[in-house]
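I have placed the structure first, in the form of structure tokens, so that the comments after it can refer back to it.
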Amino acid sequence: MTLRLDHIQIRDPYVLTRPSSGDYLLFGSTDKNIWSGQATGFDCYRSSDLLAWEGPLEAFRPPRGFWSQEQYWAPEVHEYQGRFYMFATFIAPGRLRGTQVLAADKPEGPYEPWSDGPVTPVNWQCLDGTLHVDGEGVPWIVFCHEWKQVHDGAMMAQRLSPDLSSAVGVPAFLFSASEAPWSRAPGCTLSPGPGVSRLRH
Numbered sequence: 222m223t224l225r226l227d228h229i230q231i232r233d234p235y236v237l238t239r240p241s242s243g244d245y246l247l248f249g250s251t252d253k254n255i256w257s258g259q260a261t262g263f264d265c266y267r268s269s270d271l272l273a274w275e276g277p278l279e280a281f282r283p284p285r286g287f288w289s290q291e292q293y294w295a296p297e298v299h300e301y302q303g304r305f306y307m308f309a310t311f312i313a314p315g316r317l318r319g320t321q322v323l324a325a326d327k328p329e330g331p332y333e334p335w336s337d338g339p340v341t342p343v344n345w346q347c348l349d350g351t352l353h354v355d356g357e358g359v360p361w362i363v364f365c366h367e368w369k370q371v372h373d374g375a376m377m378a379q380r381l382s383p384d385l386s387s388a389v390g391v392p393a394f395l396f397s398a399s400e401a402p403w404s405r406a407p408g409c410t411l412s413p414g415p416g417v418s419r420l421r422h
């Protein structure tokens with residue numbers, strides 16, 4: 222089915238550009254109700270001109286026994302070492318929100334769990350993780366430590382294992398929301414707590 226953008230229900234849009242094939246893949250939070258109820262998964266859409274989109278294509282459906290059943294948010298897809306990895310945010314009763322890594326052989330999926338649960342700290346409310354590979358080829362997840370827990374939301378960086386399946390070391394503090402030059406609302410300044418390092422240039 223071909224759709225225009227105004228016919229696609231989506232939040233947290235993320236576009237993967239594919240120069241080799243000349244097309245684009247659009248991912249996002251695509252459940253009918255992303256706030257409550259049973260989650261379906263993530264869909265994606267394909268386009269050659271960013272105007273007409275083919276889809277929806279099933280990018281991720283939770284396997285039986287998957288730990289999260291609701292609020293599937295903000296998927297991003299990155300090519301890394303010949304495979305494709307989706308960083309997506311999940312939550313479950315009794316567990317805090319976090320970003321887990323999923324993997325697939327094709328950019329459109331289907332994606333399957335890769336990390337054993339979230340790679341963000343299990344005792345933190347976290348969301349919106351993205352992949353960053355530094356100048357030495359080391360992979361990191363950059364994510365938000367949510368304002369609901371720390372009041373002045375903080376951007377953090379966590380080193381990942383070379384295969385992206387687990388976290389390495391302790392999170393590094395980048396900046397708090399009130400410190401960002403584009404932030405207008407006044408707020409407190411978050412100081413790194415125990416077990417947190419401050420990343421310096």
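Residue numbers (the numbering used here): 222 to 422.
Glycine is no exception: its CB is placed at the ideal position from the N, C-alpha and C atoms.
From a predicted model like this one, the values you see are computed outputs, not experimental measurements.
- Same chain only: Cβ atoms within 8 Å of Leu-395, ignoring 5 sequence neighbours per side: Here residue 395 refers to the residue found at position 174 when the sequence shown is read from its first residue. These residues qualify, in order along the chain: Val-363, Ala-375, Met-376, Met-377, Ala-378 and Leu-420.
Q. Where does Ser-269 fall in DSSP's three states?
A. Here residue 269 is taken as the residue at index 48 of the sequence shown, counted from 1. Coil, per DSSP.
Among Gly-390, Phe-305 and Asp-349, which one has its Cα closest to the Cα of Phe-281? Here residue 281 is taken as the residue at index 60 of the sequence shown, counted from 1. It is Phe-305.
Specify the secondary structure class of Leu-411 as computed by DSSP and reduced to three states. As a first step, residue 411 must be located in the sequence shown, where it is residue number 190. The pLDDT assigned to Leu-411 is 44, lower than 50, so where the model puts this residue is not dependable, and the model offers no usable value.
Quick one: Cα of His-357 to Cα of Pro-383, how far? Translated into positions along the sequence shown, residue 357 becomes position 136. Translated into positions along the sequence shown, residue 383 becomes position 162. The question names His, yet the displayed sequence has Glu at residue 357. Distance between the alpha carbons of Glu-357 and Pro-383: 12 Å.
When the Cα of Glu-300 is compared with those of Arg-380, Ile-231, Leu-224 and Leu-237, which residue comes out closest?
For the purposes of this step, residue 300 is taken as the residue at position 79 of the sequence shown. Ranking the options by Cα distance to Glu-300, first place goes to Leu-237.
In this structure, does DSSP put Asp-373 in helix, strand or coil?
The sequence position of residue 373 within the sequence shown is 152, counting from 1. DSSP places Asp-373 in coil when its eight states are reduced to three.
message: Please list the terminal residues of the continuous beta strand (DSSP E) segment that includes Ile-362.
response: Against the sequence shown, residue 362 aligns to sequence position 141. For Ile-362, the uninterrupted beta strand (DSSP E) run begins and ends at 360-366, by DSSP.
- Message: Restricting to Cα atoms, I'd like to know which of Ile-255, Thr-251 and Trp-361 is closest to Ile-312.
- Response: Position 91 of the sequence shown, counted from the first residue, corresponds to residue 312. Taking only the C-alpha atoms, the option nearest Ile-312 is Ile-255.
Discussion item. Give me the DSSP bridge partner(s) of Phe-503.
Written reply: Outside the displayed range of the chain (222 to 422) lies residue 503, so it cannot be described from this structure.
Please confirm if the region 267-275 is in contact with the region 284-302, defined as three or more CB-CB distances below 8 Å between the two stretches. No: fewer than three Cβ pairs fall under 8 Å.
Worksheet item: Which word fits Gly-243, buried or exposed, when buried means at least 16 other C-beta atoms lie within 10 angstroms of its C-beta?
Response: Within the sequence shown, residue 243 is the residue found at index 22, counting from 1. Classification for Gly-243: exposed.
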